[in-house]
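For the protein sequence lines, the chains are A and B, in the order given.
For the first sequence, position 58 matches number 58 in UniProt numbering, and the numbering has no gaps at all.
For the second sequence, position 122 matches number 122 in UniProt numbering, and the numbering has no gaps at all.
Where a beta carbon is used, it is the ideal one built from N, C-alpha and C, also for glycine.
This structure is a prediction, so every number in the text was calculated from the model and none was measured.
Take a look at the structure set out below.
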Amino acid sequence: MTVDHAKPAAVGADRPAVKRTPAPKARRRSDRDGKWWTPWLFLAPALILFVYFKFIPMITAVTMSFQDVQPYLGNQWVGGQNYSTVLGDEAFHSAIWHTVVIAVGQTAGSMIIGLALALLMEGQSKRLKFLRSAAFLPVVVPIAVVAELWRIMYHPTEDGMLNSILGLVGLGPSGFINDPDSSMISVIITGIWRGAPYDMMIFLAGLAGIDRGLYEAATVDGASRWRKILHVTLPGLRSVFSILFVLAAIRGLRVFTEVFLLTNGGPNGSTEVAMTLIYKLGLEQNRLGVGAAGAVLLFLATLVLTLFVQVLRRRRDA
Amino acid sequence: MTAANDSALGLDAVKSPGGRILKFVLYALLLLVFAGPLLALLVSAFNDVSDPTALSVVPSSPTLDNFGIAFDLGVGMYLLNSFLVVGFGLLLQVVISVLAGYALARKKFRFMTFVLVAILATLMLPEEILAIPLSLILSDLPVVHLNLIGSLAGMIVPLGAWAFSILVMTEFMKDVPRELEEAARIDGAGDLRIFAQIILPMCKPALGVIGVFGFTMIWDQYLLPLLVSTDASTYTLPLALRTLRIDTNVTPGVIMAASLLALLPSVAAFLFFQRSFVRGLASGALKG
Numbered sequence: 001m002t003v004d005h006a007k008p009a010a011v012g013a014d015r016p017a018v019k020r021t022p023a024p025k026a027r028r029r030s031d032r033d034g035k036w037w038t039p040w041l042f043l044a045p046a047l048i049l050f051v052y053f054k055f056i057p058m059i060t061a062v063t064m065s066f067q068d069v070q071p072y073l074g075n076q077w078v079g080g081q082n083y084s085t086v087l088g089d090e091a092f093h094s095a096i097w098h099t100v101v102i103a104v105g106q107t108a109g110s111m112i113i114g115l116a117l118a119l120l121m122e123g124q125s126k127r128l129k130f131l132r133s134a135a136f137l138p139v140v141v142p143i144a145v146v147a148e149l150w151r152i153m154y155h156p157t158e159d160g161m162l163n164s165i166l167g168l169v170g171l172g173p174s175g176f177i178n179d180p181d182s183s184m185i186s187v188i189i190t191g192i193w194r195g196a197p198y199d200m201m202i203f204l205a206g207l208a209g210i211d212r213g214l215y216e217a218a219t220v221d222g223a224s225r226w227r228k229i230l231h232v233t234l235p236g237l238r239s240v241f242s243i244l245f246v247l248a249a250i251r252g253l254r255v256f257t258e259v260f261l262l263t264n265g266g267p268n269g270s271t272e273v274a275m276t277l278i279y280k281l282g283l284e285q286n287r288l289g290v291g292a293a294g295a296v297l298l299f300l301a302t303l304v305l306t307l308f309v310q311v312l313r314r315r316r317d318a
Numbered sequence: 001m002t003a004a005n006d007s008a009l010g011l012d013a014v015k016s017p018g019g020r021i022l023k024f025v026l027y028a029l030l031l032l033v034f035a036g037p038l039l040a041l042l043v044s045a046f047n048d049v050s051d052p053t054a055l056s057v058v059p060s061s062p063t064l065d066n067f068g069i070a071f072d073l074g075v076g077m078y079l080l081n082s083f084l085v086v087g088f089g090l091l092l093q094v095v096i097s098v099l100a101g102y103a104l105a106r107k108k109f110r111f112m113t114f115v116l117v118a119i120l121a122t123l124m125l126p127e128e129i130l131a132i133p134l135s136l137i138l139s140d141l142p143v144v145h146l147n148l149i150g151s152l153a154g155m156i157v158p159l160g161a162w163a164f165s166i167l168v169m170t171e172f173m174k175d176v177p178r179e180l181e182e183a184a185r186i187d188g189a190g191d192l193r194i195f196a197q198i199i200l201p202m203c204k205p206a207l208g209v210i211g212v213f214g215f216t217m218i219w220d221q222y223l224l225p226l227l228v229s230t231d232a233s234t235y236t237l238p239l240a241l242r243t244l245r246i247d248t249n250v251t252p253g254v255i256m257a258a259s260l261l262a263l264l265p266s267v268a269a270f271l272f273f274q275r276s277f278v279r280g281l282a283s284g285a286l287k288g
């Protein structure tokens with residue numbers, strides 16, 4: 001730490017009780033700059049918590065991923081063995097595949113439906129404001145409630161809520177989350193239901209930033225609705241797209257709670273995702289090192305994705 | 001004519017009878033899809049149905065029994081736990097964010113960029129990935145050697161560190177005019193006074209944003225309570241829903257009643273503070 005801001009003469013200068021009165025010039029200077037540690041005092045509580053609950057866990061995760069973690073027996077350094085276990089494990093392969101499917105499905109679904117919602121609900125009328133709020137509600141409902149609600153809606157018999165709706169149009173009954181064939185799509189649909197309204201809000205914010213004059217000009221030029229969307233709206237939303245893509249993809253890769261509550265990876269492991277597997281390895285089977293290796297890999301994947309999109313954005317903006 | 005060009009689709013301007021019907025059907029469908037399940041939740045919570053499968057959208061025989069049963073199963077205690085966690089967690093988070101925001105926005109010091117980047121980086125660090133090491137650390141905090149597993153404190157303290165709140169505060173505090181601060185300094189005010197009496201009051205909108213976001217974020221916590229809780233006495237309401245469901249005697253009505261209690265606070269917060277909420281979403285995401 002440096003003391004470049006703290007002039008020895010200025011220490012304690014802003015306390016009225018100090019015996020000597022500093023020269024006016026020195027006093028003003030010390031007051032403006034404060035003591036070098038003032039900002040650190042304000043930052044301290046935040047830094048302590050960040051170190052404890054973000055940085056130390058992260059370092060621990062990385063260390064553990066190279067160790068055979070044995071509580072009370074001491075940890076053994078095993079090099080890359082955990083990573084090769086993870087990468088060679090059949091269960092991990094399918095979990096990663098499921099995670100990617102869910103991430104892609106939810107990201108694409110939420111963005112497409114979110115954009116459609118935003119386009120439909122863009123406007124100033126009172127009725128639209130009400131509709132937007134109603135459509136946004138799924139986002140603020142706690143994820144645990146979403147999962148329990150959809151579990152009951154997905155009830156696999158004919159009188160289950162969604163099955164009775166399917167029955168009305170002569171379909172079903174579907175097993176939904178109880179059938180390995182439909183469990184994945186069911187989890188994705190629940191995710192889209194909660195994710196699309198969020199994307200809608202961000203799209204709406206993006207739409208508000210589009211120059212109205214462009215629409216007018218397009219109308220004067222005789223552009224159809226479709227062409228206006230294609231040539232004015234979508235280009236105007238470019239940065240929103242990339243942000244939402246990163247946010248949604250990260251959300252998808254780290255998906256845990258809804259899968260944990262809806263299917264807990266089942267039936268038959270058909271919805272086991274990276275995080276549920278890591279949770280089971282780490283906290284149920286006590287294979288902490290392998291779980292940590294999986295977590296580190298997952299983190300690297302989200303990091304690469306984020307950086308990739310950032311680089312793309314930079315290049316395009318430049 | 002300009003009103004028609006107000007939006008990409010210009011739906012507001014559609015006036016033909018066919019167009020109106022189409023619009024109505026479209027909006028009704030949207031409402032059904034996104035609000036329908038929540039309506040089913042609401043109605044079922046008050047419906048006297050013992051059917052273990054069904055939710056209903058049509059109120060049949062209204063009753064409060066579901067809530068009675070839910071409270072008999074301990075929902076009151078879970079609710080209290082949730083309120084304790086959200087109350088203290090939010091307080092801690094707001095205090096920490098305004099203090100850190102003040103330092104980052106109004107001060108210049110060595111390593112500032114480093115600190116800022118480190119805090120920003122945690123936004124890219126999904127909490128799920130830290131779950132396992134976090135649970136180890138909570139069972140034996142380095143240096144102080146406290147065990148927070150099995151206590152509400154274990155769910156509260158980690159919530160204090162949320163980079164989103166700090167960034168929102170920092171951005172807001174940067175916009176407070178320098179002149180105000182300088183004037184106060186000339187009048188002899190110290191850092192703490194300037195912070196409390198000048199900067200903070202100017203940041204009320206930001207406090208609204210981090211308040212409502214922090215609230216919904218904390219109320220929505222699942223993994224952290226799951227890691228920390230060892231028995232039902234420290235369950236938060238969202239966590240308890242799963243336990244209720246596993247009990248085979250519990251009907252959907254009871255689960256929906258408990259769910260309703262679990263979702264009301266965050267929905268209410270959203271409805272009351274919609275403006276702050278939308279602003280926070282936009283600034284949080286679009287600046288990101």
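- N286 of chain A sits in coil when the DSSP states are folded into three classes, being neither helix nor strand.
- Assigned with DSSP and collapsed to three states, W219 of chain B falls in helix.
- DSSP, reduced to helix, strand and coil, places Q106 of chain A within a helical segment of the structure shown.
- Secondary structure remark: continuous alpha helix (DSSP H) runs of at least 4 residues inside the region 157-217 of chain B, in chain order: 163-174, 178-186 and 191-194.
- In the DSSP assignment, E127 of chain B falls outside any alpha helix (DSSP H) and carries neither an H nor an E.
- A residue is called buried when at least 16 other Cβ atoms come within 10 angstroms of its Cβ; G188 of chain B does not meet this threshold and is exposed.
- Burial state of W226 of chain A is exposed, judged by a 10 Å Cβ sphere holding fewer than 16 other Cβ atoms.
- Neighbours of V141 of chain A in chain B, taken as residues at a C-beta separation under 8 angstroms, are given in chain order as L38, L263, S266 and V267.
- Not one beta carbon of chain A lies nearer than 9 angstroms to the beta carbon of G150 of chain B.
- Taking C-beta atoms under 8 angstroms as the contact rule, A95 of chain A and A292 of chain A fail to qualify, at a distance of about 15 angstroms.
- For the region 73-87 of chain A, the set of residues with a beta-carbon nearer than 7 angstroms to any beta-carbon of chain B is empty.
- Of B:V86, B:P252 and B:I199, the smallest CA-CA separation from N66 of chain B is found for B:P252.
- With a threshold of 16 other beta carbon atoms within 10 Å, R242 of chain B meets it and is buried.
- When B:L104, B:Y78, B:P59 and B:F172 are compared, the shortest CA-CA separation from L43 of chain A is found for B:L104.
- For W37 of chain A, there is no enclosing alpha helix (DSSP H), as DSSP marks it with neither H nor E.
- For Q76 of chain A, the beta-bridge partners assigned by DSSP are A:D68.
- The three-state secondary structure of P156 of chain A, taken from DSSP, is coil.
- Using a Cβ distance threshold of 9 angstroms, E127 of chain B and L138 of chain B do not count as a contacting pair.
- Residues of chain A whose Cβ lies closer than 7 angstroms to the Cβ of F88 of chain B do not exist; the shortest such Cβ separation is about 13 angstroms.
- P142 of chain A is positioned such that its CB atom lies no closer than 9 angstroms to that of Y102 of chain B.
- It is roughly 40 angstroms from the alpha-carbon of V267 of chain B to the alpha-carbon of V143 of chain B.
- Apart from the 5 residues on each side of it in sequence, V94 of chain B sits with its Cβ closer than 8 angstroms to the Cβ of S165, L207, I210, G211 and G214 in its chain, given in chain order.
- Ranking A:V304, A:I250, A:G266 and A:E284 by CA distance to the CA of Q106 of chain A puts A:I250 first.
- Classified as buried, T216 of chain B has 16 or more neighbouring CB atoms from the shown chains inside 10 Å of its CB.
- For P62 of chain B, the secondary structure class from DSSP, reduced to helix, strand or coil, is strand.
- The bridge partners DSSP lists for N47 of chain B are B:P62.
- Excluding its 5 nearest sequence neighbours in each direction, F203 of chain A has C-beta neighbours in its own chain below 7 angstroms: G114, L115, A118, L237 and V240, listed in chain order.
- Interface flag for G222 of chain A against chain B is unset, since no Cβ pair is found closer than 9 angstroms.
- In the three-state reduction of the DSSP assignment, S16 of chain B falls in the coil class.
- Fewer than three pairs of CB atoms, one per stretch, sit closer than 8 angstroms, so the region 115-130 of chain B makes no contact with the region 178-193 of chain B.
- Not a single CB atom of chain A sits nearer than 9 angstroms to the CB of L200 of chain B.
- Per the coordinates, the alpha-carbon of Y235 of chain B lies some 11 angstroms from the alpha-carbon of G76 of chain B.
- At least 9 angstroms separates the beta-carbon of E284 of chain A from that of A91 of chain A.
- Here S270 of chain A carries a coil assignment [DSSP, helix/strand/coil].
- K174 of chain B does not reach chain A, its nearest Cβ partner there being about 14 angstroms away, counting only Cβ pairs nearer than 8 angstroms.
- Those residues of the region 247-268 of chain A placed with their C-beta closer than 7 angstroms to a C-beta in chain B are L247, I250, R254, F256, T257 and L261, ordered along the chain.
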